[in-house]
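Undergrad: One structure, as structure tokens, below. Some questions next.
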Amino acid sequence: MQLPQYQPESPLDPLSDDELSALDDQLADLPGDGALNIEALDGYLCGLLLSPQPLAERPGADWLPLIWGSEGADADPFASGKQRKRLVLAVLRHLRALDHELHQNPQAWEPILSVAEDDEGEWVDALDWCAGFMLAVDLDAQAWTARFQDPEWAELLAPIALLGADEETLTDADRARLDDLSELDALSRSVPEAVLGMAAR
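Under numbering that gives the first Met the number 0, think of the first position of the sequence shown as 0, with each following residue one higher.
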């Protein structure tokens with residue numbers, strides 16, 4: 000299966016809200032339960048763009064299949080090549096828009112996060128977004144290790160690493176923090192500033 004490589008000089012054509020919703024539906028409709036949702040996809044693409052290895056140097060087969068829950072480029076859950084192409088083109092358009100916003104127009108960038116409302120106000124949940132970001136980190140774990148060892152980078156990465164951690168790696172204290180709705184909201188609200196801090200570096 001041929002998969003395209005990211006071209007950072009490609010035309011800027013951001014997805015509309017309706018197109019983002021349609022992309023989320025396309026991912027949800029794929030067989031199996033390994034595909035990312037739109038929040039995790041947004042985090043994953045941001046993680047790839049902030050990786051020590053430029054994404055334009057990484058073959059599409061290295062990172063695209065993880066979006067639909069496949070370990071390799073030959074694993075194909077799509078009903079047709081047309082369906083796969085439509086999804087991949089939408090992903091690349093969103094990736095190009097994120098690249099532009101993070102590096103050239105940061106004041107316009109906002110992550111796609113889950114927001115719930117109740118009588119006490121709005122609660123932000125960045126768990127899926129951060130899980131997607133950490134999936135990108137895992138693709139280049141060795142290179143990211145140096146950043147986690149750098150005090151400034153480590154401070155920026157801390158909320159994302161906690162929110163995006165695998166359940167089995169969490170301590171009891173970590174679980175208590177994430178089970179506290181107010182703490183989860185505060186951690187989630189710190190994610191955009193942390194990402195913009197990384198992009199600025």
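We put the beta carbon where it would ideally sit given N, CA and C, even for glycine.
(1) Could you tell me if G163 is buried or exposed, where buried requires 16 or more neighbouring beta carbons within 10 angstroms of its beta carbon?
(2) Please list the terminal residues of the continuous alpha helix (DSSP H) segment that includes G120.
(3) Is it true that the CB of L49 sits closer than 8 angstroms to the CB of A198?
(4) By Cβ distance, which residues of its chain are closer than 6 angstroms to A115, with the 5 residues on each side in sequence left out?
(5) Out of curiosity, what's the CA-to-CA distance linking P191 and P110?
(6) Per DSSP, V114 is paired with what?
(7) Please tell me whether N36 and D127 are closer than 8 angstroms, where the distance is taken between their beta carbons.
(8) Spatial neighbours of E182 within its chain, please: CB distance less than 6 angstroms, with the 5 preceding and 5 following residues excluded, ordered by chain position.
(9) With a Cβ-Cβ cutoff of 8 angstroms, do S189 and P158 count as a contact?
(10) Where does the unbroken alpha helix (DSSP H) through Q82 begin, and where does it stop?
(11) Here's a check: name, in chain order, each residue in its chain whose Cβ is nearer than 8 angstroms to the Cβ of A142, leaving out the five neighbours to either side.
(12) Using 8 angstroms as the threshold, is the C-beta distance between Y43 and A140 below it?
(13) What's the call for P105, buried or exposed, on a 16-neighbour Cβ count within 10 Å?
(14) Please list, in chain order, all residues of the same chain as P7 whose beta carbon is under 7 angstroms from its beta carbon, the five residues on each side excluded.
(15) Using DSSP with H/G/I as helix, E/B as strand and the rest coil, what is Y5?
TA: The short version:
(1) With at least 16 other beta carbons inside 10 angstroms of its own, G163 counts as buried.
(2) Per DSSP, G120 lies in no alpha helix (DSSP H) segment; the continuous beta strand (DSSP E) that holds it begins and ends at G120 to D124.
(3) In contact: A198 and L49 (Cβ atoms closer than 8 angstroms).
(4) Here A115 has W122 as same chain residues with Cβ atoms under 6 angstroms from its own Cβ, once five neighbours each way along the sequence are excluded.
(5) Distance between the alpha carbons of P191 and P110: 7 angstroms.
(6) Bridge partners of V114: V123.
(7) Yes, the pair counts as a contact, with Cβ atoms nearer than the cut-off.
(8) Within the same chain, E182 has close Cβ partners R176.
(9) With a cutoff of 8 angstroms on beta-carbon distance, S189 and P158 are scored as near each other.
(10) Q82 -> alpha helix (DSSP H) spans G80 to Q103.
(11) The residues are S50, P51 and Q52.
(12) Not a contact, by the Cβ cut-off of 8 angstroms.
(13) Classification of P105: exposed, given that the 10 Å Cβ count is below 16.
(14) Closer than 7 angstroms at the Cβ level, and outside the excluded window around P7, lie A55 and D98.
(15) Coil, per DSSP.
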